Each structure stands twice: as structure tokens, then as C-alpha cells.
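K.L.:
Before I ask anything, let me first share the structure, which is written out below as C-alpha cells.
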Amino acid sequence: MPSLFASYLRVYEPLTAFDRDRQSYWRRYVEQGRAVPPVEGPGRQRTSVIEALGAGWTRLPDPPDEAYVLETDDTLLVCPWNLRIRVAEAALSARDGVPPVLADAFVPPVLAGQAKAVVDDWRSGARVLEHGVPRVHEQIATWGVPLRWFVLFDAEERHHVTRPGRRALRYRTEISKARRRASRALAVLRKSVGAAPITEAVEEAARWLEEFHPRSVVELDYGGLVELLSDETLAADDSPELVAAGLAGLSRGEAEEASAAYDKLVARWRAVQLLERCN
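Numbers given in this note's numbering equal positions in the sequence shown, counted from 1, plus 1098.
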């Protein structure tokens, strides 16, 4: 299970992206006041997955549908949790590094096979688009923010809160803008560095965005990471600007400028990642 010191990349889709039954379900869900605030969601997700893993293993558990919700003047947007996939991932993780006898006792091979099929299905964008496999609307990264996520956002889309009892930092944009930024970044990276890991990572993010409705909203939430950062650090965070500066340097052939921006960004987030090793 992921640590609560995590960041989140979410896509909120309009109701029209779902079939009729799902639309009715999500309307009732909102009307009943069941939508979960993002600040409470990670803890609720963690509890739900742990409880599902503790159930009798006659089949892969299917937790109830939950979601984050954005409401604008004329649109309701939903970011489903897709907890069945989280349960499948956790089941497979539970077998890692464990002697086969113990692994089979906790997660029997037949159920491990079901979990692997669920995870493989959603990781394949083609199957999502062609066969209606449920889309995963939220990606999670522990102890940092993947650099490819910053490609999707602009500094002006930042929302920063530091007040007693409520600290948050997020970026939110229209999916059309995120797709254009990913496309431009890919063009620069392919020309400048070729088939490097960073190019493949940005390409993966771009493919993921193509799974969603064109009127969706994309959100980068620093989540529990804000508890590891001071108010001053949060206020000064310019990670999307550093990514943009690095890409601009690459596009102009100014390797030193691009390298300086990249090194600053990597050093900033490596300091956060190293906190995982602290006792």
C-alpha cells in the first residue's frame, strides 16, 4: 500500500463520459453528500484496500465505488477511485519477496492470476479504449512528484494554501492544455535526447491522457507531501517553471541552460525522496 506521503495526478471527467447507469449513480452519489474531499481520500482509500485484502479470498474483492468530485457552475466532474485495481495491485505486492508457501496462503495462485489480469488490462491503453476496461483516473507517486507530471501544467494554474489546519498545493488545468503541453514536450525530447527514459515517461503520460473525455480536468495534488515541506518551500515551489525552462533550453539547443534547470529540479525532489529513509 502506498505511503500517505504521496502526490496524486487525477483526471476528473464530465458525467457524459460515463454510461447511463454510471451517470445516474454519480448523480445520486453527489446528491447524497457522499463525495470525499481529497484531503481525506488517501486515508479512506488505504483503509478500504486493507479491509478488502482481509476479506475471505474466494474471489478478487470488489470494493464500493467512491470518487472525488468537482462542481462548476454548469458541470459536474468525477474522478472515480477504481479501488478494484488498487486491491489487485496490493494483492500482487503482498506476494513480492515472500516465500511461495506463505504467498500462496495469503493470496492463492488463482486469485493472483485474477489480480494480474486486472492490472494488465488497465495498463494497456488499447484495451481500455477498445474493450471498455475501466479507466484509472488517479495515479499515485510516493515520496515525490514524477518530473513528467510537471510537463502538463503551467505556473499560473497553481493553487496554494497555507493556513492553520489546511495546507495544500495543487495545479489544475483543462485536459486539452495538458495534452498540447505533453505533445510539445515529446517533440522536443524526441529531437534532443531521442528514446531516453524521460521521453518514454512523457509519452506514457500523454497516452494516459488520451483515454479521457476532451472536457476533462487534470489535477496535480501534492497531497501529503506538503507535510514534509515548509511554508516557505511551498510558496517558492516553481517545479513546472523549471521543467518548462529545461524544455525551452533543449529546443534552442542550449544544453547548459536545460541541464541547470533539470539539476535544480532533481536536487529539490531528491531531498524529499531521501526523507523516506529517515527513522
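Ideal Cβ placement from N, Cα and C applies to all residues, glycine included. Treat the numbers as computed from the prediction; the structure is a model and nothing was measured.
Distance, Cα to Cα, LEU1113 vs LYS1289?
P.N.:
Computed Cα separation, rounded: 38 angstroms.
K.L.:
Helix, strand or coil, according to DSSP, for THR1170 in the structure here?
P.N.:
Three-state DSSP puts THR1170 in coil, outside helix and strand.
K.L.:
According to the Cβ coordinates, are ASP1252 and TYR1106 closer than 7 angstroms?
P.N.:
Taking 7 angstroms as the Cβ cut-off, ASP1252 and TYR1106 do not qualify as a contacting pair.
K.L.:
Looking at C-alpha atoms only, which residue of ALA1342, ARG1144, THR1173 is the closest neighbour of PRO1161?
P.N.:
The shortest C-alpha separation from PRO1161 is found at ARG1144.
K.L.:
Which of helix, strand or coil does DSSP assign to LEU1345?
P.N.:
Helix, per DSSP.
K.L.:
Taking the beta strand (DSSP E) that ASP1335 belongs to, which residues open and close that run?
P.N.:
Premise fails: ASP1335 is in no beta strand (DSSP E) and is neither H nor E.
K.L.:
With DSSP as the reference, identify every bridge partner of GLN1314, one or two as the case may be.
P.N.:
Per the sequence shown, residue 1314 should be read as Ser rather than Gln. Answer is none; SER1314 lacks a bridge partner.
K.L.:
Tell me, which residues are paired with ASP1319 by DSSP?
P.N.:
Partner(s): TYR1106, ARG1268.
K.L.:
Given LYS1362, which residues of its chain have a CB within under 8 angstroms of its CB, disregarding the five upstream and five downstream residues?
P.N.:
Hits under 8 angstroms: LEU1340.
K.L.:
Out of GLU1355, GLY1344, SER1314, TYR1127, state which residue places its alpha-carbon closest to the alpha-carbon of ARG1282.
P.N.:
Of the listed residues, the one whose Cα sits closest to ARG1282 is GLY1344.
K.L.:
Taking the CB atoms as reference points, tell me whether GLY1242 and VAL1364 lie closer together than 7 angstroms.
P.N.:
In this structure, VAL1364 does not lie closer than 7 angstroms to GLY1242 by Cβ.
K.L.:
Taking one C-beta from the stretch 1116-1132 and one from the stretch 1173-1191 each time, how about it: are there three or more such pairs within less than 8 angstroms?
P.N.:
In short, these stretches touch, since the Cβ pair count reaches three.
K.L.:
Can you check which of these residues, ALA1186, PRO1197, VAL1234, ALA1359, is closest to LYS1214 by C-alpha distance?
P.N.:
Closest by alpha carbon: ALA1186.
K.L.:
With burial defined as no fewer than 16 other Cβ atoms inside 10 Å of the residue's Cβ, what is the status of GLU1236: buried or exposed?
P.N.:
Looking at its Cβ environment, which holds 16 or more other Cβ atoms inside 10 Å, GLU1236 is buried.
K.L.:
Quick one: grab the DSSP three-state call for GLN1130.
P.N.:
In the structure shown, GLN1130 sits in coil (DSSP, three-state: anything other than H, G, I, E or B).
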